[in-house]
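One structure below.
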Amino acid sequence: MDQAENLRMLIKKTFPAVSKKTPRVIAVTSGKGGVGKTNLVIGLAAAISRFKKRVIILDADLGLANIDVALGIVPKYNLHHVIQGKKKISDIIMKIYEGVKIIPAASGIEELANLSSFQREEIIFQLNSLKEEADILLIDTPAGISNNTIDFLLASQEIIVISTSEPTAITDAYAMIKIISKKNRDIKIWIMINMANSEKEAKEIARGIILTSKRFLNVSVQSLGFLLKDRCIPEAVRKQSSFNILYPYSQASRTTTLLAKRLYA
Ligand SMILES: Nc1ncnc2c1ncn2[C@@H]1O[C@H](COP(=O)(O)OP(=O)(O)OP(=O)(O)O)[C@@H](O)[C@H]1O
Ligand SMILES: [Mg+2]
């Protein structure tokens with residue numbers, strides 16, 4: 317059994333998909349960086365919590381974490397303390413607002429960016445202690461295909477791959493779908509187009525990725541939807557808050573509610 321398989325078994329034991337009492341584990345990822353993963357995780361968490369579902373965000377951008385910065389919180393402890401054996405995950409988890417908690421990572425710590433497979437297993441294993449506390453575990457991963465990221469993706473039941481309309485983001489999203497689906501054909505894969513210029517553009521790109529994945533990989537990718545470019549998102553980042561809390565009537569906020577609904581459809 318290879319490491320990824322090992323980890324998958326562990327998370328299945330941790331969050332068995334068959335039990336209604338355990339969380340859905342959804343990782344948000346992309347091939348290319350800067351496409352909006354962290355903001356989508358924050359926005360989806362807020363939107364899902366409004367449906368009375370309890371969300372835990374795991375910041376799996378382990379070496380360059382920034383969910384805490386995006387939310388304007390300063391966690392006293394983070395996953396580095398867990399890796400050092402000084403704290404348990406249950407000690408570092410922080411409530412952000414009603415229904416949403418975060419497991420913070422740290423920034424600029426090389427050890428976290430390059431965890432051993434044993435350390436990754438330890439993190440996943442400790443998530444076990446939280447299974448009563450959440451309906452959904454949302455994992456924010458860094459872009460690309462480091463071992464850290466691949467293992468967290470393979471440990472999830474579903475992944476949301478984000479692309480923008482840039483050709484480089486599209487080809488990298490497809491590469492991500494190819495890599496993950498080769499390693500685990502059971503993962504449900506969603507595609508979401510961010511920062512689109514129009515609905516037509518977003519739908520065409522999503523359709524292209526879905527058709528190409530079906531034709532060349534024989535993989536079914538589901539469309540989660542799209543977000544248009546919306547100034548309220550960088551504005552909320554500057555103000556260190558979630559855009560759908562700060563600007564609940566913006567187009568991005570209303571669309572994010574639809575994305576959250578689609579996840580539960
Ligand atoms: N729909 C949108 N409209 C306008 N700007 C957006 C939108 N979504 C994200 N952004 C902006 O894009 C930038 C990158 O977003 P974010 O940090 O969420 O991306 P990321 O994929 O998590 O990046 P990284 O790969 O570095 O982790 C931010 O400045 C954010 O404000
Ligand atoms: Mg990010």
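Just so you know, we're using this note's numbering here: the sequence shown kicks off at 317 and counts up by one.
Just so it is clear, CB atoms sit at the ideal spot from N, CA and C, and this is done for glycine as well.
Since the structure is predicted, the reported quantities are computational estimates derived from the model, not experimental observations.
Query raised in the report: Does any heavy atom of ligand 1 sit closer than 6 Å to the C-beta of D546?
Result: Residue numbering aside, residue 546 sits at position 230 when the sequence shown is read from its first letter. Relative to ligand 1, D546 has its C-beta within less than 6 Å of a heavy atom.
Query - Any non-hydrogen atom of ligand 2 within 6 Å of K353 CB - result: Here residue 353 refers to the residue found at position 37 when the sequence shown is read from its first residue. Answer for K353: yes, Cβ within range of ligand 2.
Query - Given 8 Å, three or more beta-carbon pairs between the region 419–438 and the region 463–471 - result: yes
Query - Where the alpha helix (DSSP H) containing N560 begins and where it ends - result: Walking along the sequence shown from the start, residue 560 turns up at place 244. Where N560 is concerned, the enclosing alpha helix (DSSP H) stretches over F559 to L562.
Query - Host beta strand (DSSP E) of N510 (start-end) - result: As a first step, residue 510 is located in the sequence shown; it is residue number 194 there, counting from the start. Counting along the chain, the beta strand (DSSP E) containing N510 begins and ends at K504 to A512.
Query raised in the report: Quick one: what's got a C-beta closer than 8 Å to E515's C-beta in the same chain, skipping five residues either side?
Result: Mapped onto the sequence shown, residue 515 falls at position 199. Within the same chain, E515 has close Cβ partners F542 and L544.
Query raised in the report: Pairing CB atoms from the region 350–358 with CB atoms from the region 386–400, are three or more of them under 8 Å?
Result: yes
Requested in this report: Check each candidate in V537, T345, R366 and E449 and name the one with the smallest Cα separation from I561.
Outcome: Here residue 561 refers to the residue found at position 245 of the sequence shown. Considering only alpha carbons, the answer is R366.
Query raised in the report: What is the DSSP secondary structure of K403, counted as helix, strand or coil?
Result: Within the sequence shown, the letter at position 87 stands for residue 403. It is coil, neither helix nor strand.
Query raised in the report: For R578, which residues from the same chain have a beta carbon less than 7 Å from its beta carbon, with the 5 sequence-adjacent residues on both sides left out?
Result: Numbered from its first residue, the sequence shown carries residue 578 at position 262. L540 and G541.
Query raised in the report: Can you check whether the CB of A422 is closer than 7 Å to the CB of N394?
Result: As a first step, residue 394 must be located in the sequence shown, where it is residue number 78. As a first step, residue 422 must be located in the sequence shown, where it is residue number 106. It is a contact, given that the beta carbons lie within the stated cut-off.
Query raised in the report: How big is the Cα-Cα spacing for V334 and A518?
Result: In the sequence shown, counting from the first residue as 1, residue 334 sits at position 18. In the sequence shown, counting from the first residue as 1, residue 518 sits at position 202. Because V334 sits at a pLDDT of 43, beneath the cut-off of 50, its placement in the model cannot be relied upon, and the following sentence gives the value as read from the coordinates. Approximately 34 Å, taken between the alpha carbons.
**Report entry** C-alpha gap between I507 and G349, whole angstroms
**Finding:** Along the sequence shown, one-based indexing puts residue 507 at 191. Along the sequence shown, one-based indexing puts residue 349 at 33. In this model, I507 and G349 are separated by some 15 Å (Cα to Cα).
Query - First through last residue of the alpha helix (DSSP H) which encompasses G524 - result: Here the question's residue 524 lines up with position 208 in the sequence shown. Start and end: E515 to T528.
Query - Proximity winner among I399, S558, T528 and A376, relative to T457 (alpha-carbon distances) - result: Position 141 of the sequence shown, counting from 1, holds the residue named residue 457. Closest option to T457, Cα to Cα, is A376.
Query - DSSP-derived helix/strand/coil call for S335 - result: For the purposes of this step, residue 335 is identified with residue 19 of the sequence shown, where counting begins at 1. Residue confidence for S335 is low, a pLDDT of 45 falling below 50, so the modelled location carries little weight and cannot support an answer.
Report task. Along the beta strand (DSSP E) that carries S462, what are the first and last residues, could you check? Result -> Locating residue 462 in the sequence shown gives position 146, counting from the first residue. Neither: S462 is in no beta strand (DSSP E) and is coded neither H nor E.
Query raised in the report: With DSSP run on the structure shown, which of helix, strand or coil describes T573?
Result: Mapped onto the sequence shown, residue 573 falls at position 257. In the structure shown, T573 sits in a helix (DSSP, three-state: H, G or I).
Report task. Could you name the residues of the same chain whose beta carbon sits closer than 7 Å to that of A552, not counting the 5 residues immediately before and after it, in chain order? Result -> Looking up residue 552 in the sequence shown gives position 236. Taken in chain order, the residues that qualify are S558, F559, L562 and Y563.
Query - 7 Å Cβ cutoff met for G379 and A429 - result: For the purposes of this step, residue 379 is identified with residue 63 of the sequence shown, where counting begins at 1. For the purposes of this step, residue 429 is identified with residue 113 of the sequence shown, where counting begins at 1. In contact: G379 and A429 (Cβ atoms closer than 7 Å).
Requested in this report: Mind checking who Y306 pairs with in its DSSP beta bridge?
Outcome: Because the chain is modelled from 317 through 581, residue 306 falls outside the range shown and cannot be assessed.
Query raised in the report: By Cβ distance below 6 Å, which residues in the same chain neighbour K336 in space, the five residues on each side in sequence not counted?
Result: As a working note, residue 336 is residue 20 in the sequence shown. Because K336 carries a pLDDT of 47, less than 50, the predicted location of this residue cannot be relied on, and no value is offered for it.
Query raised in the report: Do I342 and E449 have their CB atoms nearer than 7 Å?
Result: Taking the sequence shown and counting its residues from 1, one reaches residue 342 at position 26. Taking the sequence shown and counting its residues from 1, one reaches residue 449 at position 133. No; because the gap between Cβ atoms is not below 7 Å, this pair is not in contact.
Report task. State the DSSP-derived secondary structure class of S539, mapped to helix, strand or coil. Result -> Residue mapping note: residue 539 aligns to position 223 of the sequence shown, counting from 1. Strand.
Query raised in the report: If we call anything under 7 Å between Cβ atoms a contact, is A512 one with V351?
Result: Locating residue 512 in the sequence shown gives position 196, counting from the first residue. Locating residue 351 in the sequence shown gives position 35, counting from the first residue. Cβ atoms of A512 and V351: not closer than 7 Å.
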